[in-house]
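Reading through the structure tokens given below for one structure.
Protein chains: 2
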Amino acid sequence: MSLELTILGFNSAVPTAYSHPSAQLLNIAERYFLIDCGEGTQVQLRKAKAKFNRINNIFISHLHGDHVFGLVGLISTLQLLGRDTPLNIHGPKGIEEFIMTQLRLTESNCSFKIVFNELSGKESVLVFEDDKVEVFSIPLNHRIYTNGYLFREKSKQRKLNMDAIEQYPEIEICDYQNLKNGRDYVMEDGTIIDNEDLTFEGPRALSYAYCSDTKYKPNIIPIIKGVDLLYHESTFLHEAKDLANYTGHSTAKEAGIIARDAEVGKLILGHFSNRYHDYSLLLNEAKIEFENTVLPKLLGTIKIKP
Amino acid sequence: MSLELTILGFNSAVPTAYSHPSAQLLNIAERYFLIDCGEGTQVQLRKAKAKFNRINNIFISHLHGDHVFGLVGLISTLQLLGRDTPLNIHGPKGIEEFIMTQLRLTESNCSFKIVFNELSGKESVLVFEDDKVEVFSIPLNHRIYTNGYLFREKSKQRKLNMDAIEQYPEIEICDYQNLKNGRDYVMEDGTIIDNEDLTFEGPRALSYAYCSDTKYKPNIIPIIKGVDLLYHESTFLHEAKDLANYTGHSTAKEAGIIARDAEVGKLILGHFSNRYHDYSLLLNEAKIEFENTVLPKLLGTIKIKP
Chain A
0 MSLELTILGF NSAVPTAYSH PSAQLLNIAE RYFLIDCGEG TQVQLRKAKA
50 KFNRINNIFI SHLHGDHVFG LVGLISTLQL LGRDTPLNIH GPKGIEEFIM
100 TQLRLTESNC SFKIVFNELS GKESVLVFED DKVEVFSIPL NHRIYTNGYL
150 FREKSKQRKL NMDAIEQYPE IEICDYQNLK NGRDYVMEDG TIIDNEDLTF
200 EGPRALSYAY CSDTKYKPNI IPIIKGVDLL YHESTFLHEA KDLANYTGHS
250 TAKEAGIIAR DAEVGKLILG HFSNRYHDYS LLLNEAKIEF ENTVLPKLLG
300 TIKIKP
Chain B
0 MSLELTILGF NSAVPTAYSH PSAQLLNIAE RYFLIDCGEG TQVQLRKAKA
50 KFNRINNIFI SHLHGDHVFG LVGLISTLQL LGRDTPLNIH GPKGIEEFIM
100 TQLRLTESNC SFKIVFNELS GKESVLVFED DKVEVFSIPL NHRIYTNGYL
150 FREKSKQRKL NMDAIEQYPE IEICDYQNLK NGRDYVMEDG TIIDNEDLTF
200 EGPRALSYAY CSDTKYKPNI IPIIKGVDLL YHESTFLHEA KDLANYTGHS
250 TAKEAGIIAR DAEVGKLILG HFSNRYHDYS LLLNEAKIEF ENTVLPKLLG
300 TIKIKP
């Protein structure tokens, strides 16, 4: 099991022939999550050879066009493809009106149910969970109400230490699940055998944090602490700090500081202003703060293994 | 002066890496009109090297996504480009709510005024005019309320016949505009000289009709009679006539019949279903009815000279 993040677009503001607004496809524990959906995202999904019908949850950070203008077109296409399973859309308050007004006026009779999960709080909350994964909001600080998202595998089961277990003939196969779940074993005579004596640690649960768009906001660090992979916007170089502040964005240096202080595994930059053509300037600035920083590659996939 | 039509997209329904939904840029008498605006149109405009700020009027045929999902993104980009001149959007009733709901929820403070001209009638009406051009609606028959548009240069001024004029020394330069406008000349002694004796016919006024989406609707013929260029949708081959009828579309054969009976100069087909890869089948079918039929070429420009 690994975590795979495919970058569908990483530019800010205006789409062009060569720059695509924010959108990512995350595969975590074989769940396919679409994160943000700027105009043209459905075409980027096709180019990435993504299977549209595997996407059951879409997470929208905020209602700026470069993060959401592709959503209604994607929904329309899912309908034309004959989808019938429900689609869950998580996003800021207003997203239901945003989508449903368009579907009503285009007289679209959606062939599947859309379940909206509107967020409006200022604290991190559990947004989604199933048996394998949980997703939390990361309240950010932008010009408009915005959340990042923390995607986390649930703690994985421990591995059985069969050599140790075989020394206790009274432990039966039906006890194995309890051991994998971390429970100690209680012998018939009342003796307790520590779980750690019967099992090994399981594979590490993986995690990914998406933080865009936001000003430098160090109080997200406790939420994203130790994630394997962090995407943090870096719209500007630090020399444009005033502009970053005015427009509610971060600099590459600030993204690096957040990554360093949150002790993440790897940092990906993104949401670059169209003023920059040589992204290595942004990369180098962030790397001074946090060495394991990479640039996004359009339609490239970053794999994280346990 | 000529009429130039640039095809930004000509496919129906679902955008892909290689097929783009309906959008056209028309230059008629140096007026730049955008006709329909499917998702990704702003990128197509960039690829066509169009000057965004020359576009002051946008004509939307109907509120299906493949004709309108790119409009809010284009407006958003115009705003980021610092536009301050008003933008006129002509389209079906509902288009103002469609756009303004999105601008409100994305908290866009538009830097320019958007003037909506909502159509709801069933008769052809004058939609726009200035000193050079007039635009009329063409009521169509689709699943949802739809209009095509007829773009027509106003009758052009007559050309002065200087050899004839010089025979009348009392005709002065200040009289020339009246002659160009077609007025007869009245001599001081009351004699009337026919305008046709003093001028030649001016260059022919050009016209273009955009008809998409629609079932076969022969009663549009009086409206589009004799246009220089007709775009008529041909979503299907005639063997799929039942499907065309069910979905409110035309076949290539029907597009050809409309062009023939309306005695147009040239027919362009378009709005092809994604089921077709060899468009020559559609072309050949239409050509049986009307020889001067062409296929659209992505980002290609068709020029019509007087």
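Protein chains in written order, with numbering that gives the first Met the number 0: chain A, 0 to 305; chain B, 0 to 305.
We put the beta carbon where it would ideally sit given N, CA and C, even for glycine.
- Message: Looking at the secondary structure, which residues open and close the alpha helix (DSSP H) in which B/Q23 lies?
- Response: The residue labelled residue 23 of chain B in the question sits at position 24 within the second sequence. No alpha helix (DSSP H) holds B/Q23; the beta strand (DSSP E) holding it covers 22-27.
### Query
For B/K265, which residues does DSSP report across the bridge?
What you label residue 265 of chain B is simply residue 266 of the second sequence in a count that begins at 1. Its beta-bridge partners are B/L228.
Using a Cβ cut-off of 8 Å (strictly closer), state whether B/I143 contacts chain A.
Locating residue 143 of chain B in the second sequence gives position 144, counting from the first residue. Closer than 8 Å: yes.
Under DSSP, the beta strand (DSSP E) around A/P91 begins and ends at which residues?
Taking the first sequence and counting its residues from 1, the one referred to as residue 91 of chain A is at position 92. 86-91 is the span of the beta strand (DSSP E), which, as asked, contains A/P91.
Quick check: what's the CA-CA separation for A/D162 versus A/L197? Residue 162 of chain A sits at position 163 when you count from the first residue of the first sequence. Residue 197 of chain A sits at position 198 when you count from the first residue of the first sequence. Taking the straight line from one Cα to the other gives about 8 Å.
**Asked** List, in order along the chain, the chain B residues whose C-beta lies closer than 9 Å to that of A/F97?
**Response** Position 98 of the first sequence holds residue 97 of chain A. Going along chain B in sequence order, the residues near A/F97 (Cβ under 9 Å) are T100, Q101, L104, T105.
query = Roughly how many angstroms separate the alpha carbons of A/S107 and A/Q176, rounded to a whole number?
reply = Indexing the first sequence from 1 puts residue 107 of chain A at position 108. Indexing the first sequence from 1 puts residue 176 of chain A at position 177. C-alpha separation (whole angstroms): 48 Å.
- Measure the alpha-carbon distance for B/Q156 versus B/R203 and round it to whole angstroms. What you label residue 156 of chain B is simply residue 157 of the second sequence in a count that begins at 1. What you label residue 203 of chain B is simply residue 204 of the second sequence in a count that begins at 1. Each residue's alpha carbon lies about 10 Å from the other.
query = Are the CB atoms of A/C36 and A/L80 nearer to each other than 8 Å?
reply = Counting from one through the first sequence, the residue named residue 36 of chain A turns up at place 37. Counting from one through the first sequence, the residue named residue 80 of chain A turns up at place 81. For A/C36 and A/L80, no; Cβs fall outside 8 Å.
Inter-residue spacing [alpha-carbon to alpha-carbon] between B/V114 and B/K92 = The count along the second sequence starts at 1 and reaches residue 114 of chain B at position 115. The count along the second sequence starts at 1 and reaches residue 92 of chain B at position 93. Across the structure, B/V114 and B/K92 are spaced so that their CA atoms are roughly 13 Å apart.
Quiz item: How long is the line joining the alpha carbons of B/R317 and B/L125, rounded to whole angstroms?
Solution: This structure cannot settle anything about residue 317 of chain B, because the visible part of chain B is limited to 0 through 305.
query = Okay, do the segment 121-135 of chain A and the segment 28-35 of chain A touch, 3+ Cβ pairs below 8 Å being the bar?
reply = Counting Cβ pairs under 8 Å, three or more are found: they touch.
Among A/I267, A/A239, A/I6, A/Y17, nearest to A/K334 - alpha-carbon criterion = Residue coverage of chain A in this structure runs from 0 to 305, which leaves residue 334 of chain A outside it and unanswerable.
* Going by beta carbon distance, what residues of the same chain come within less than 6 Å of A/K179, once the five residues before and after it are set aside? -> Taking the first residue of the first sequence as 1, we reach residue 179 of chain A at position 180. Within the same chain, A/K179 has close Cβ partners Q156, R157.
Inter-stretch contact at 8 Å, needing at least 3 Cβ pairs: the segment 208-222 of chain A / the segment 248-263 of chain A:
Here the segment 208-222 of chain A makes contact with the segment 248-263 of chain A; the two share three or more CB pairs at distances below 8 Å.
8 Å Cβ cutoff, A/L62 in contact with chain B: For this step, residue 62 of chain A is matched to residue 63 along the first sequence. Yes - at least one Cβ of chain B is within 8 Å of the one on A/L62.
Between which two residues does the alpha helix (DSSP H) carrying B/Y245 extend?
Here residue 245 of chain B is taken as the residue at index 246 of the second sequence, counted from 1. Here the alpha helix (DSSP H) through B/Y245 covers 240-246.
A/A49 at chain B interface by Cβ criterion, 8 Å: Residue mapping note: residue 49 of chain A aligns to position 50 of the first sequence, counting from 1. False, the Cβ-Cβ gap to chain B never drops below 8 Å.
Rounded to the nearest angstrom, what separates B/L86 and B/I57 at their Cα positions? The count along the second sequence starts at 1 and reaches residue 86 of chain B at position 87. The count along the second sequence starts at 1 and reaches residue 57 of chain B at position 58. When rounded, the distance between both Cα atoms is 8 Å.
Original post:
Excluding sequence positions up to five away, which residues of its chain have a Cβ less than 7 Å from the Cβ of A/L236?
Top reply: Looking up residue 236 of chain A in the first sequence gives position 237. So the qualifying residues of the chain are T250, A251, L280, L281, E284.
Query raised in the report: By the criterion of Cβ-Cβ separation under 7 Å, what are the contact partners of B/T76 in chain A?
Result: Taking the second sequence and counting its residues from 1, the one referred to as residue 76 of chain B is at position 77. V13, listed in chain order.
(request) Please confirm if B/R45 has its CB atom under 8 Å from at least one CB of chain A. (result) Along the second sequence, read from residue 1 onward, the residue named residue 45 of chain B stands at position 46. It does: the Cβ of B/R45 has a partner Cβ on chain A nearer than 8 Å.
Exercise. Can you check whether the CB of A/I301 is closer than 8 Å to the CB of A/L228?
Worked result: Taking the first sequence and counting its residues from 1, one reaches residue 228 of chain A at position 229. Taking the first sequence and counting its residues from 1, one reaches residue 301 of chain A at position 302. Yes. Within cutoff.
Q. Residues in the segment 79-93 of chain A with C-beta within 7 Å of chain B's C-beta atoms, listed in sequence order?
A. Cβ contacts with chain B come from L79, G93.
| said: So the candidates are B/L102, B/G120, B/G64, B/R82; which of them puts its Cα closest to the Cα of A/L102? | reply: For the purposes of this step, residue 102 of chain A is taken as the residue at position 103 of the first sequence. When each option's Cα is compared against that of A/L102, the closest is B/G64.
**Study point:** Alpha carbon of A/H89 to alpha carbon of A/F68, nearest angstrom
**Key:** Taking the first sequence and counting its residues from 1, the one referred to as residue 89 of chain A is at position 90. Taking the first sequence and counting its residues from 1, the one referred to as residue 68 of chain A is at position 69. One alpha carbon belongs to A/H89, the other to A/F68, and they sit about 15 Å apart.
Quick check on the DSSP output: what are the complete beta strand (DSSP E) runs of length 3 or more inside the segment 137-165 of chain A, in order along the chain? Counting only runs of 3 or more, we get 146-152.
Q. Opposite B/V185 in the DSSP bridges: which residues?
A. Numbered from its first residue, the second sequence carries residue 185 of chain B at position 186. B/V185 is bridged by DSSP to B/I191.
Practice prompt. Please name the residue in B/I143, B/L24, B/E128, B/S110 whose C-alpha comes closest to that of B/S119.
Written response: As a working mapping, residue 119 of chain B is identified with position 120 in the second sequence. Of the candidates B/I143, B/L24, B/E128, B/S110, the one whose C-alpha sits nearest the C-alpha of B/S119 is B/I143.
Where does B/A16 land, buried or exposed, given buried means 16+ other C-beta within 10 angstroms?
Counting from one through the second sequence, the residue named residue 16 of chain B turns up at place 17. Exposed is the call here.
Within 8 Å, strictly: CB atoms of B/H19 and B/L205: For this step, residue 19 of chain B is matched to residue 20 along the second sequence. For this step, residue 205 of chain B is matched to residue 206 along the second sequence. Their beta carbons are not under 8 Å apart, which means B/H19 does not touch B/L205 by this criterion.
Q.
What does DSSP give as the partner residue(s) for B/R373 in the beta ladder?
A. Given a span of 0 to 305 for chain B in the structure shown, any question on residue 373 of chain B remains unanswerable.
### Query
Among all the DSSP beta bridges, which residues are the ones paired with A/V134?
The residue you call residue 134 of chain A lines up with position 135 of the first sequence. A/V134 pairs with A/F127, A/F150.
Can you give me the C-alpha to C-alpha distance between B/N165 and A/V13, rounded to a whole angstrom?
Translated into the one-based positions of the second sequence, residue 165 of chain B becomes position 166. Translated into the one-based positions of the first sequence, residue 13 of chain A becomes position 14. According to the sequence shown, residue 165 of chain B is Glu rather than Asn. If you take the alpha carbons of B/E165 and A/V13, they lie about 59 Å apart.
Worksheet item: What are the boundary residues of the beta strand (DSSP E) that B/Y209 is part of?
Response: As a first step, residue 209 of chain B is located in the second sequence; it is residue number 210 there, counting from the start. Residues 206-210.
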